[in-house]
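**Student:**
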Amino acid sequence: MMQFKTYIVACLVGLASVSLSAQNEQTFRHTIEAGETVYAIATMYGISTEAIYRLNPGSQEGIRAGEVLLIPQGKASFQEGVETETYTFHTIEPKETLYAVSMKYKVPAQHIVEANPGLSTKTFRAGRTIRIPVETDDSINKQTTIPGEKTTKEITYEVQRKETMYSLCRKFKVSSYELIRLNPALKKGVKAGMVIRVPVSSASMASSSAKPAEMIIESETAVNALLDVPKTVERLDGLKVALLLPFNPSQGGAASSRFIEYYEGMLLAIDSLRNQGYSLDLSVYDTGNGTKRIQEILTGETLPNVNLIIGAVQNDQIKLVADFAKAHDIKYVIPFTSKNDDVLSNACVFQVNTPHSYLYSKAAERGRKLFAGDNIIFVHTPDKEEKKEFIQTFQAELKEHKIPYKEMGYNRETFAIDIDSLYMEDGRRNVIIPTSSSLEALQQIKTPLRMLAETQTDYMVAMFGYPEWQTYVREALEDFYVLDTYIYSNFYADNLGQPMHDFYNKFKTWYSKDLINTYPKYGILGFDTGMFFFSAMNRYGANFEERLDDIRYQPIQTGFDFHRVNNWGGFINTNIFIVHYQKDYTVTRE
Numbered sequence: 000m001m002q003f004k005t006y007i008v009a010c011l012v013g014l015a016s017v018s019l020s021a022q023n024e025q026t027f028r029h030t031i032e033a034g035e036t037v038y039a040i041a042t043m044y045g046i047s048t049e050a051i052y053r054l055n056p057g058s059q060e061g062i063r064a065g066e067v068l069l070i071p072q073g074k075a076s077f078q079e080g081v082e083t084e085t086y087t088f089h090t091i092e093p094k095e096t097l098y099a100v101s102m103k104y105k106v107p108a109q110h111i112v113e114a115n116p117g118l119s120t121k122t123f124r125a126g127r128t129i130r131i132p133v134e135t136d137d138s139i140n141k142q143t144t145i146p147g148e149k150t151t152k153e154i155t156y157e158v159q160r161k162e163t164m165y166s167l168c169r170k171f172k173v174s175s176y177e178l179i180r181l182n183p184a185l186k187k188g189v190k191a192g193m194v195i196r197v198p199v200s201s202a203s204m205a206s207s208s209a210k211p212a213e214m215i216i217e218s219e220t221a222v223n224a225l226l227d228v229p230k231t232v233e234r235l236d237g238l239k240v241a242l243l244l245p246f247n248p249s250q251g252g253a254a255s256s257r258f259i260e261y262y263e264g265m266l267l268a269i270d271s272l273r274n275q276g277y278s279l280d281l282s283v284y285d286t287g288n289g290t291k292r293i294q295e296i297l298t299g300e301t302l303p304n305v306n307l308i309i310g311a312v313q314n315d316q317i318k319l320v321a322d323f324a325k326a327h328d329i330k331y332v333i334p335f336t337s338k339n340d341d342v343l344s345n346a347c348v349f350q351v352n353t354p355h356s357y358l359y360s361k362a363a364e365r366g367r368k369l370f371a372g373d374n375i376i377f378v379h380t381p382d383k384e385e386k387k388e389f390i391q392t393f394q395a396e397l398k399e400h401k402i403p404y405k406e407m408g409y410n411r412e413t414f415a416i417d418i419d420s421l422y423m424e425d426g427r428r429n430v431i432i433p434t435s436s437s438l439e440a441l442q443q444i445k446t447p448l449r450m451l452a453e454t455q456t457d458y459m460v461a462m463f464g465y466p467e468w469q470t471y472v473r474e475a476l477e478d479f480y481v482l483d484t485y486i487y488s489n490f491y492a493d494n495l496g497q498p499m500h501d502f503y504n505k506f507k508t509w510y511s512k513d514l515i516n517t518y519p520k521y522g523i524l525g526f527d528t529g530m531f532f533f534s535a536m537n538r539y540g541a542n543f544e545e546r547l548d549d550i551r552y553q554p555i556q557t558g559f560d561f562h563r564v565n566n567w568g569g570f571i572n573t574n575i576f577i578v579h580y581q582k583d584y585t586v587t588r589e
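Take 0 as the starting number for the sequence shown in numbering that gives the first Met the number 0 and just add one per residue.
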């Protein structure tokens, strides 16, 4: 039987800062990943976009996945908990090992692993970037005890929740080698409740010229094996969640109604999991506008004890919550905005709403694969909702794979004649892509295209369009079917499907009202988010991110496919659906 509690309280979070040292004398290489932008790359390294443009002049015209950028090497400082840590960055060379990197920078390998939560044998590969903690000679010496020398005192210590090898080394000013030597069980990971032996002082400290002990004593094999050490799995005895939303209608108006619906959908997820035997406590906080109430919440007694935080809407609120989550090692889900930078340097962050650059990259890849053998025609329908970034991304994807396409301008008087006589082809499917997502642009082309599809039997016609098209079904649903229409989107709900039918009925029964007519539906977003994260943490513990590939959730509306943005940052949801309105009047969601 699942128990859950709901508290309506006040508001939240801390402060993250990224600063760059004055001199950038060296460079390292960054291999561009799909969906990355120059701004995102600059932000993750704590530099300006101008610094990247200066070293990579062509990047100002655009960048492509797989290309390599030169990045100026500085010492970037990031707030890690209550302290500020300084890092340099290193591009892994072919055949280079963790041991070699550790020796090169004279930094204990364990510290490198701790500074890069995503580092493993899978991600430690040539071309990838890792960050190296900058440790002063004094800090290294204090953390290093030469094995074999007598300690004046040895104490026992019970490992606390969320402590890591790195934090233990810092707390007791001892090397990870010495801790593992005294406590061999630590090789399998640090677990809360373990009682370990700790040296609190040594007969003599290493000289200022001494290298860290693990570099002197541990074998190369032992150091490289750190990449295979399983991450600590912290099983939860009941999940504790904090939900932070602006509920006050006088401040948020219609927006507050959507957030209330999100909360109501999440309560339905809790009820579903209760029926599966899960235990969960939910604390709900009204954040209001601005940061005042957020700061009040963060100084309360409840937040440090939760396992998961969901919510906050405004970027200044999100920044405070993200830093608080990082300081207390709490997973933090950002459910709404796609325009936030915290995920780039905060390993605790999960961003649900896919940034446009990642969405466009995935959509372009899927479109290229779907239409590789077709006659692709871009119709320029310029207006305020023109999708220039997506069109550029899609065309670059086609060019890279040597897939030809055509472009034509829209002329209201001659469009039907022009596309028929100059652009369409017999014997191949003709895929039409307007450059704008607006209803007006869709209406300009759909009627002439439908006429051609119904009268010119030699033509096979299809359309490829945008998430916004889901809101036009009242005006264009019949046309979507006739024109064999494909839509890319990070959300889609089948209104005729059984899961949607069941959700509507339960929502109406619980709350005596219908869902607000928005896309996406906030109530279903709250339900899907709750079902995914609550079940994942109940099943796999606080570090469920180590088992992301094992999590199988069939969403009603919003899918989840999280990928870490870099070796030290958080996770972005890169899920995409291809929705296909087929000529037999059925709809599929791939």
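We treat Cβ as the ideally placed atom computed from N, Cα and C, and that holds for glycine.
#1: I need the boundaries of the beta strand (DSSP E) containing residue 173, first residue and last residue.
#2: Taking buried to mean at least 16 other C-beta atoms within 10 Å of its own C-beta, is residue 72 buried or exposed?
#3: By the three-class DSSP mapping on this structure, what secondary structure does residue 522 have?
#4: Taking all protein chains shown into account, do 16 or more other C-beta atoms lie within 10 angstroms of the C-beta of residue 220, making it buried, or fewer, making it exposed?
#5: According to the Cβ coordinates, are residue 357 and residue 117 closer than 7 Å?
#6: Using the three-state DSSP reduction, which class does residue 492 fall into: helix, strand or coil?
#7: Taking the alpha carbon of residue 524 as the point to measure from, which residue in 307, 557, 545 has its own alpha carbon closest?
#8: Does the Cβ of residue 425 have 16 or more other Cβ atoms within 10 Å, making it buried, or fewer, making it exposed?
#9: According to DSSP, simplified to helix, strand and coil, what is residue 592?
#10: Would you report the Cα separation of residue 144 and residue 158, rounded to the nearest angstrom?
#11: Taking only three categories from DSSP, how would you classify residue 282?
#12: If you follow the beta strand (DSSP E) that residue 580 is in, where does it begin and where does it stop?
#13: From residue 590 to residue 346, what distance separates their C-alpha atoms?
#14: Where does residue 265 sit, in a helix, a strand or coil, going by DSSP?
#15: Tell me, which residues are paired with residue 563 by DSSP?
#16: Taking the alpha carbon of residue 479 as the reference point, which residue from 496, 509, 497, 431 has its own alpha carbon closest?
#17: Using C-beta distances below 7 Å, list every residue in its chain close to residue 104, excluding the 5 sequence neighbours before and after it, in chain order.
#18: In chain order, what residues of the same chain have a beta carbon less than 8 Å from the beta carbon of residue 189, not counting five sequence neighbours either side?
#19: Near residue 589, what residues of its chain come up, given a Cβ to Cβ distance below 6 Å and the 5 sequence neighbours on each side ignored?
#20: Under 8 Å by Cβ, that's how I've got residue 396 and residue 436 pegged, so tell me the actual separation to the nearest angstrom.
#21: With 16 as the cutoff for other CB atoms within 10 Å, does residue 344 come out buried or exposed?
#22: State the Cα-Cα distance for the pair residue 332 and residue 122, rounded to the nearest angstrom.
#23: Does the pairing of the stretch 501 to 509 with the stretch 280 to 294 give three or more beta-carbon distances under 8 Å?
#24: Would you kindly check if the distance between the Cβ of residue 260 and the Cβ of residue 521 is under 7 Å?
#25: Got a sec, what are the start and stop residues for the alpha helix (DSSP H) residue 394 sits in?
#26: Excluding the 5 residues preceding and the 5 following residue 153 in the sequence, name in chain order all residues of the same chain whose CB lies nearer than 6 Å to its CB.
#27: Report the option in 491, 486, 29 whose CA atom is closest to the CA atom of residue 366.
#28: In or out: residue 237 buried (at least 16 other Cβ within 10 Å) or exposed?
#29: Roughly how many whole angstroms lie between the Cα atoms of residue 327 and residue 313?
#30: Please name the residue in 549, 29, 40 whose C-alpha comes closest to that of residue 68.
#31: Going by DSSP in three states, residue 246 sits in which element: helix, strand or coil?
#32: Looking only at C-alpha atoms, which of 306, 442, 422, 353 sits nearest to residue 535?
#33: For residue 565, tell me which candidate among 532, 483, 368, 340 has the shortest Cα-Cα distance.
#34: May I have the straight-line CA-CA distance separating residue 214 from residue 279, to the nearest angstrom?
#35: Please go through the same chain and pick out, in chain order, the residues whose beta-carbon is closer than 6 Å to the beta-carbon of residue 268, but skip the five residues on each side of it.
#36: Kindly identify the DSSP beta-bridge partner or partners of residue 159.
**Tutor:** Answer, in terms of the structure:
#1: No beta strand (DSSP E) contains residue 173, which DSSP labels as neither H nor E.
#2: buried
#3: Residue state, collapsed to three classes: helix.
#4: Residue 220 should be labelled exposed.
#5: no
#6: Residue 492 falls in the coil class under three-state DSSP.
#7: Measuring from the Cα of residue 524, the nearest candidate turns out to be 557.
#8: exposed
#9: The structure shown does not extend to residue 592, since the chain spans only 0 to 589, so no value can be given for it.
#10: Residue placement at residue 144 cannot be trusted, given a pLDDT of 38 that sits under 50; what the coordinates show is reported in the next sentence. Cα to Cα, residue 144 sits roughly 20 Å from residue 158.
#11: strand
#12: 576 to 580
#13: Here the chain has residues from 0 to 589 only, and residue 590 is not among them.
#14: helix
#15: 570
#16: 431
#17: 131
#18: The residues are 158, 162, 163, 164, 167, 231.
#19: Only 577 meet the Cβ criterion.
#20: About 18 Å; that fails the 8 Å criterion.
#21: buried
#22: 24 Å
#23: no
#24: Note that the C-beta distance between residue 521 and residue 260 is below 7 Å.
#25: 387 to 399
#26: 196, 198
#27: Ranking 491, 486, 29 by Cα distance to residue 366 puts 486 first.
#28: exposed
#29: 21 Å
#30: 29
#31: coil
#32: When only C-alpha atoms are compared, the closest one is 306.
#33: Comparing alpha-carbon positions, the option among 532, 483, 368, 340 lying closest to residue 565 turns out to be 340.
#34: Residue placement at residue 214 is poorly supported in this model, since its pLDDT is 40, which falls under 50; the coordinates still yield a value, given next. So the alpha carbons of these two residues sit roughly 45 Å apart.
#35: 526, 529, 530
#36: Residue 159 pairs with nothing; no bridge assigned.
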